[in-house]
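First comes the structure, then the notes that go with it.
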Amino acid sequence: MKIDEKNLVTYSRIGSRATFGLVILELTKKNKNIIAISADTSTSAGLDRLKKQFPNNFLDVGISEQNLIGVAAGLASEGFDVFTTTFAPFQTMRCCEQIRVNLGYMKHKVCMVGLASGLVLGTLGFTHCCIEDLSIMRSIPNITVLSPADCLETAKATIASIEHKNPIYIRLTGGSNQPMVYKKDYNFEIGKGIVLKDGDDIAIFATGTMVHESIEASNILQTKGVSAKIINMHTIKPFDNELVEKISKKVKLIITVEEHSIIGGLGSCVAEAKSKIKNSAPHIAIGLPQQFGKSEIYRDMLKSHNLTAPQIAQRILDELNNV
Amino acid sequence: MTIELENKIKKMATNMRKNILDMSLEAGAQSSHFGGGLSIVDITATLYGAIMKYDPKNPGWEDRDRFILSKGHGVLGYYTALSEIGLISKKELLTFEKSKSFLLGHPVMNLKKGIEFTNGSLGMGLSVGVGIAIAAKKKSKNHKIFILIGDGECNEGSIWEAAMSAPHFNLDNIVAILDKNNFQQTGSNIEILDTASLSKKWLSFGWEVIEVDGHNILELIKALSTKNPKNKPKIIIANTIKGKGFSFAENSNEWHHKILTKSQYDKAIEELHSNK
Chain A
0 MKIDEKNLVT YSRIGSRATF GLVILELTKK NKNIIAISAD TSTSAGLDRL
50 KKQFPNNFLD VGISEQNLIG VAAGLASEGF DVFTTTFAPF QTMRCCEQIR
100 VNLGYMKHKV CMVGLASGLV LGTLGFTHCC IEDLSIMRSI PNITVLSPAD
150 CLETAKATIA SIEHKNPIYI RLTGGSNQPM VYKKDYNFEI GKGIVLKDGD
200 DIAIFATGTM VHESIEASNI LQTKGVSAKI INMHTIKPFD NELVEKISKK
250 VKLIITVEEH SIIGGLGSCV AEAKSKIKNS APHIAIGLPQ QFGKSEIYRD
300 MLKSHNLTAP QIAQRILDEL NNV
Chain B
0 MTIELENKIK KMATNMRKNI LDMSLEAGAQ SSHFGGGLSI VDITATLYGA
50 IMKYDPKNPG WEDRDRFILS KGHGVLGYYT ALSEIGLISK KELLTFEKSK
100 SFLLGHPVMN LKKGIEFTNG SLGMGLSVGV GIAIAAKKKS KNHKIFILIG
150 DGECNEGSIW EAAMSAPHFN LDNIVAILDK NNFQQTGSNI EILDTASLSK
200 KWLSFGWEVI EVDGHNILEL IKALSTKNPK NKPKIIIANT IKGKGFSFAE
250 NSNEWHHKIL TKSQYDKAIE ELHSNK
């Protein structure tokens, strides 16, 4: 697949969901072993072109997520490269036990893609927002969990999933016109966090859309004399504990930022890693509270939950006063 | 030929029932799903003795017929059938539900022993079968997919998701068998959740439905070997008796999951010999 400036701009404009569909279409041109299965969500997953051009590599099981996972497992057991897609709550929770038995227990290699996770569907209410998927998916043995920072990383994660031996959950966050974290190709390896920006005072571990917000927050912090290291934790499981260990002794504060519940996601992963480290810096977990809050348009939703760059920067400054 | 085949299956089923008694006695306090294992014995004996294509020397043979025990608690009727075809030894059968045994109370995937899939949580096997059937069509393979489900299992909504999809995908390589023993864990179907008119339900979902006596080997052979109508999945509603073969267990739901005592074992062995 060609990764050039033009493609990156297109990806960013169309957003992570449509990027996923585009990548699957490109991959299928060369790999006829791919089958993408939708649960009546082909348009939302950007799969309409695949459906039209390669009908043999597309399947729709209708609005039946339990069947979606079972059918996917059956196809995977016969050697197909299977992707399943629907909105994140239905992809992870409606069929949670099917995932546990068919993919976790039996290790059938399926790549599940949770569309529009986090708060992007805010105005549709919390039936459609998804703030628990990382937590739930990572607790199931044998499931790899990815949370791409932007559209290019969505493409990289999708490509990497084909060669990966375990079943995978890819969590897609953000909408269209998604900010670019990466402006050129880079090395993506499942399980390895990426230091995007060096800094000496604090370390911000972020995932999904919050990687970009954290970079912006670090620019604000810079003007206040705080130098922040930014780490993109695109893999939630297996978690890069080594990187946390390496960094946690060198800074005076660790911050995690995620568009996910503070229970069970990135913040919990870092806290678990830190619990094994002597003399680690204190840790502030920024994320979503335990509530189904008000529903608003996405940007307002992020603001209401203090997840915009200026709010993240301010929270960090406040916390630094207490260290 | 038919009589020979029938006798062969009957002999297999008798051996299987004897092995089930030995396994249940040996399992002791671990207890076993006795009733629902016995109701499927004649079905699995027929499948492995007369219907399915497989190679015991090569359990992963690509063109083998696939079997999924969706009602995973029916393992007694599954492991004993795999023993009849030489994939599980008698010695191994007697490790049933012991620590470190590969023969658990629900099947755990172990292809070299003939166990194709992990089951135990009800309502999942039919969907997996649909996926395998689609894969076979895509690869232009002729093998069939046999999925054994229970009537209690039909309480699960996921069964009906799969039931709706198999005719939609024209899967005439699927043969489901419904073990209709009229009981589930804590009572009869009628008491717990009435699954009346199952035949009509499957028919209305677009399946070819054949109803048989699930303990009549000839009826089973005929129903299982009849070709599916073009583009249609087939389901055989097998009317069975929970605990079939032993008077104290037949239609007695306390035998859903129960310890077999030595005196019950002795009585059962006696009945097995007199029924031969």
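So the protein sequences, as listed, match chains A and B.
Numbering-wise (numbering that gives the first Met the number 0), the first sequence opens with residue 0 and increments by one.
Numbering-wise (numbering that gives the first Met the number 0), the second sequence opens with residue 0 and increments by one.
For glycine and all other residues, C-beta sits at the position ideal for the given N, C-alpha and C.
Computed from a prediction, not measured in an experiment: that's the story for all the values here.
- The way I'd put it, the segment 169-183 of chain B does touch the segment 129-148 of chain B; three or more beta-carbon pairs between them come closer than 8 Å.
- Only residues of its own chain outside the window of five on either side were considered, and among them M11, N14, M15, A44, Y47, G48 have a CB closer than 8 Å to the CB of B:E83, listed in chain order.
- Going by C-alpha positions, B:P106 is about 45 Å away from A:V194.
- Under DSSP, A:K236 takes part in a beta bridge, and its partners are A:V144.
- Contact annotation: in the segment 100-117 of chain B, residues whose CB is within less than 9 Å of a CB in chain A are V107, M108, E115, F116, T117.
- Taking each of A:F204, A:T83, A:F187 in turn and checking the Cα distance to A:S41, the smallest one comes out for A:T83.
- When only Cα atoms are considered, A:Y104 and A:P140 end up about 7 Å apart.
- Within the model, the alpha-carbon separation for B:N188 versus B:N252 is close to 11 Å.
- A:A71 has a beta carbon lying within less than 8 Å of a beta carbon in chain B.
- Minimum Cα-Cα distance from A:I285 among the listed residues A:T9, A:A87, A:G78, A:G264 corresponds to A:G264.
- By the CB criterion at 8 Å, A:V109 and A:V144 fall outside the cutoff.
- Bridge partners of A:S260 according to DSSP: A:L287.
- Contact residues of the segment 42-58 of chain B toward chain A are absent (C-beta to C-beta distance below 8 Å).
- For A:Q97, the residues of chain B that pass the 7 Å Cβ criterion are M123, in the order they occur in the chain.
- Counted as a single uninterrupted DSSP element, the stretch harbouring A:R93 is not any beta strand (DSSP E), since DSSP gives it neither H nor E.
- DSSP lists no bridge partner for B:H214.
- For a Cβ distance threshold of 9 Å, residue set K137 of chain B lies close to A:N55, ordered along the chain.
- Under the three-state reduction of DSSP, B:R63 is assigned to coil, being neither helix nor strand.
- A straight-line Cα-Cα distance of about 42 Å links B:K99 and B:H167.
- Where A:I33 is concerned, the enclosing beta strand (DSSP E) starts and stops at 33-37.
- Only V127, G128, V129, G130, I131, A132, I133, A134, A135, K137, K138, G156, S157 from the segment 127-157 of chain B bring a Cβ to less than 8 Å from some Cβ of chain A.
- Bridge pairing for A:K228: A:A202 [DSSP].
- Under DSSP, A:T172 forms a beta bridge with A:S116.
- Going by C-alpha positions, B:I87 is about 18 Å away from B:I8.
- Looking at A:S226, A:K293, A:N56, the one whose alpha-carbon comes closest to that of B:K136 is A:N56.
- B:G242 is the residue among B:G242, B:N250, B:S224 whose C-alpha sits nearest the C-alpha of B:L271.
- Pairing A:I169 with A:T157 gives a Cβ-Cβ distance under 8 Å.
- Within chain A, V60, G61, S63, N66, V70 have C-beta atoms less than 9 Å from the C-beta of B:S164, given in sequence order.
- Between B:E160 and chain A, the shortest Cβ-Cβ separation is below 8 Å.
- DSSP, read as helix, strand or coil, puts A:F19 in helix.
- When only Cα atoms are considered, B:H256 and B:I50 end up about 29 Å apart.
- The secondary-structure analysis by DSSP pairs A:L26 with nothing; it has no beta-bridge partner.
- When CB distances to chain B are screened at a threshold of 9 Å, the residues of the segment 100-123 of chain A falling below it are V100, N101, Y104, M105, K106, H107, in chain order.
- Chain A places no beta carbon closer than 8 Å to that of B:S203, leaving this residue out of the contacts.
- For B:A135, the three-state secondary structure derived from DSSP is helix.
- Among the residues facing chain A, B:S120 is included, as its CB has a counterpart in that chain under 8 Å away.
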